[in-house]
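So the structure is just underneath, and the comments pick up after that.
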Amino acid sequence: MVNSEEELILRSAQGDRQAFGRLYETYLDQIYRYIFIRTGDAHEAEDLTEEVFLKAWVALPKTNKGTPVENFRSWVYRIAHNLVVDRYRSKKITVPLQDVLPSSDENPLPESVVQQREQNNHLASVLDQLEEPFRQVILHRFVHQLSHDETARVMGLRASHVRVLQYRALNKMRLLLKEV
Amino acid sequence: MSDRIDKILSICLDAIERGEMTPEECLEKFPQQREELSDLLRAAGSMREFESHVSQAISPNPFFRQSARSRLLSRLPERKPVTFWERLRHIGQNRKLLPERRMTMVWILVVALAATVFGGGGVAYASTGSLPGDALYSVKNAMEEVQLWFNNDQADMQLQLQFAGLRLDEIQALMAHNRYGDVPEALSGFQNALDSFNKVSQKDAVSNFGEYEAQLGKLLGDRDRLVDRLRDMLDQDPAALPDQTKLQIRDMLKIMDQLHDRDYLDMEGSELELDQDQYQDQYQDQEQEQEQNQEQEQEQYQNQEQEQEQYQDQEHDQQQNEEQYQNQEQEQQQNQEQDQSQQTNSPDDSGQPESDGSQYYQPNSESGSGRN
């Protein structure tokens, strides 16, 4: 039984399909969520998620790193990022977060839940007002919970650029949140 | 100030994410930035709460998830066997070598050493001064390739810059020997070296691009000086050059111009710029779409207004027509009454109305179709 992710990655690189299947299960939700937020389409997100891992399977033996866990995660996110960019290069869409998140529930909810949901919807609307690089950095950092370095790898930027974008994005968010 | 606060902010966020510090401890550590930092951390904190909401709200369909693994595994293509050269390169770059790989590398080194000692070394050494077009130039290229096999990415970047410099030296040597026909091969090598440098620099492990900026700057400066020399040759004494050479120089200048357009000094920021351009394109497209939509909406609105006006006009016309028709009927009645009264006096008068009543309905029937 293989336990560590590093082993799974090494075995996958050597052609072990079952090990790769386990990696897929580990990252399925994260990559699906990442793509769904970018596309707003559940079926598209399912197809692209699978495609990300098909690409990863093909490319894995060619990677020449020691494949530590953190690198694998950002590497898969990077494939997803490139795939979405390629797929939507012609369409050039940005799906508003407010359209992606469920808006209401038919069943009555406790007041605290309703308040939380309203606050989240408000945050989504604030995020939607940010310029795209700012929005992307915030999503990568706080929604997908990638580190500064991972965000830099996924977006193809330097970590220092990510830090500056993060500061400007949060600063703008701060002002937008104060407006209300 | 902002340059500093962005660093402080990321230090704090990193520490909070690692659980090494609380937001309050962070504010205490940076009292001068406390006010701004406090708001920024609050915004970041609200995003963390938002994350849990997103995680709950967005997840794959259970049916998809249930069969996802088996479906993916059934779609995984057969791996193409890794070639000997790919494996060799992989061995050289992997720092955590497995025992069997380590043994393979040892064998390769033994073979290479033997080749060097028993005759190969002389050839390899002789090839170092060869130029494109020389018999030993391919040996020189092969030796460079071997150097790349056994290095990590950082050393690869350094080597690629070194090779790019060598290609420029070769171009100068070829020009000195009037061997312009062989220059394109060296130029192509120069471009390949910089392309490889660019490729490696974008890999995960490499983050200290700045170290190479000075070297890149020098290389690009040397390249530009070569271009100037070639242009001078063509401009100052074209008659001294054979036609074939002039053609070759012009071809070379074209290639140089193409290279010049690709400013490798901006490589590191290029992806940012590309991404930003891409984002900007997105904004512009979106704005254009929005403008188009707005225009369409405005047109639709105007059309609706026009239609409404037309409709009102038509209704107005209809009313007028109806009034006219009523007047006409009244006139008809009056005429009939007059006729009846006149019949006694002039029995040959036809009693036709002055105008045909159907003309008042015609526009109405047209307008009726227009409204639809």
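Here the protein sequences line up with chains X and G, keeping their order.
For the first sequence, position 112 (counting from the first letter as 1) is numbered 567 according to my numbering, and the numbering increases by one without interruption.
For the second sequence, position 18 (counting from the first letter as 1) is numbered 1223 according to my numbering, and the numbering increases by one without interruption.
Using N, Cα and C, we set each Cβ at its ideal position, and we do this for glycine too.
Chain X contact for residue i (CB, 9 Å cutoff)
i: G:F1269; result: yes
i: G:V1259; result: yes
i: G:L1214; result: yes
i: G:A1262; result: yes
i: G:F1402; result: no
i: G:A1445; result: no
i: G:F1255; result: yes
i: G:I1454; result: no
i: G:Y1488; result: With a pLDDT of only 43 at G:Y1488, under the threshold of 50, the placement of this residue in the model should not be trusted, and no figure is reported.
i: G:D1211; result: yes
i: G:N1383; result: no
i: G:L1218; result: yes
i: G:P1282; result: yes
i: G:M1252; result: yes
Distance between residue j and residue i (C-alpha atoms, nearest Å)
i: X:I534; j: G:G1334; result: 43 Å
i: X:G611; j: X:E566; result: 42 Å
i: G:A1583; j: X:T606; result: This structure cannot speak to residue 1583 of chain G, because chain G is shown only from 1206 to 1577.
i: G:N1266; j: X:A500; result: 11 Å
i: G:F1269; j: G:Q1238; result: 48 Å
i: G:A1262; j: X:I490; result: 14 Å
i: X:V540; j: X:R493; result: 9 Å
i: G:D1358; j: X:V569; result: 52 Å
i: X:T586; j: X:L632; result: One detail in the question is off: residue 586 of chain X reads as Glu in this sequence, not Thr. Spanning the two alpha carbons is a distance of roughly 15 Å.
i: X:Q621; j: X:R613; result: 12 Å
i: G:D1429; j: G:A1340; result: 29 Å
i: X:Q584; j: G:A1369; result: 46 Å
i: X:R623; j: G:N1346; result: 48 Å
i: X:Q574; j: X:I593; result: 17 Å
i: X:E506; j: G:D1374; result: 46 Å
i: G:Q1271; j: G:Q1367; result: 53 Å
i: X:R466; j: G:G1338; result: 45 Å
i: G:P1443; j: G:L1425; result: 26 Å
i: G:I1216; j: X:G470; result: 40 Å
i: X:L509; j: X:D496; result: 20 Å
i: X:Q473; j: X:L582; result: 39 Å
i: X:V531; j: X:L630; result: 34 Å
i: X:W512; j: G:A1445; result: 60 Å
i: G:E1222; j: G:R1434; result: 57 Å
i: G:G1224; j: G:L1218; result: 10 Å
i: X:Q591; j: G:A1391; result: 42 Å
i: G:S1393; j: G:Q1453; result: 14 Å
Other residues of its chain near residue i: CB distance less than 8 Å, five sequence neighbours each side excluded
i: G:D1211; result: none
i: X:F527; result: E460, I464 and L478
i: G:N1383; result: T1450
i: G:A1273; result: P1265
i: G:E1350; result: none
i: G:R1284; result: none
i: G:L1439; result: L1446, K1451, I1454, R1455 and L1458
Within-9 Å CB hit, residue i to chain G
i: X:E480; result: yes
i: X:D484; result: yes
i: X:R493; result: no
i: X:N626; result: yes
i: X:L556; result: yes
i: X:E634; result: no
i: X:N537; result: no
i: X:V524; result: In this predicted model, X:V524 has a pLDDT of only 45, less than 50, meaning its place in the structure is not dependable enough to derive any value.
i: X:V619; result: yes
i: X:Y532; result: no
i: X:L719; result: Here chain X comprises residues numbered 456 to 635, so residue 719 of chain X is not present and cannot be evaluated.
Proximal residues to residue i (C-beta, below 7 Å), its chain only, five neighbours per side dropped
i: G:L1214; result: L1242 and L1245
i: X:K627; result: L585 and F589
i: G:S1220; result: The sequence shown places Ala at residue 1220 of chain G, rather than the Ser named in the question. Counting only Cβ-Cβ distances below 7 Å, and skipping sequence neighbours, we find M1226 and C1231.
Cβ neighbours of residue i in the same chain (closer than 6 Å, five flanking residues each side left out)
i: G:A1378; result: L1336
i: X:S580; result: Q553
Residues, ordered as in the chain, of the segment 505 to 518 of chain X that lie near chain G by beta-carbon distance below 8 Å: So the list reads E505, F508, L509, W512, V513, P516 and K517, given in the order they occur along the chain.
Could you name the residues of the segment 587 to 611 of chain X whose beta carbon sits closer than 7 Å to any beta carbon of chain G, in the order they occur along the chain? Identification of residues in the segment 587 to 611 of chain X having a C-beta nearer than 7 Å to some C-beta of chain G yields E587, P588, I593, F597, V598, Q600, H603, R608, M610 and G611, given in sequence order.
Residues of the segment 1232 to 1247 of chain G with a CB closer than 7 Å to any CB of chain X: list them in chain order, please. D1244 and L1245
Curious, which full-length alpha helix (DSSP H) runs of at least 4 residues does the segment 1352 to 1416 of chain G contain? Within the segment 1352 to 1416 of chain G, the alpha helix (DSSP H) runs of at least 4 residues that lie entirely inside it are, in chain order, 1358 to 1381 and 1388 to 1406.
Using a Cβ-Cβ cut-off of less than 8 Å, give me the residues of the segment 1365 to 1377 of chain G that come near chain X, in sequence order. none
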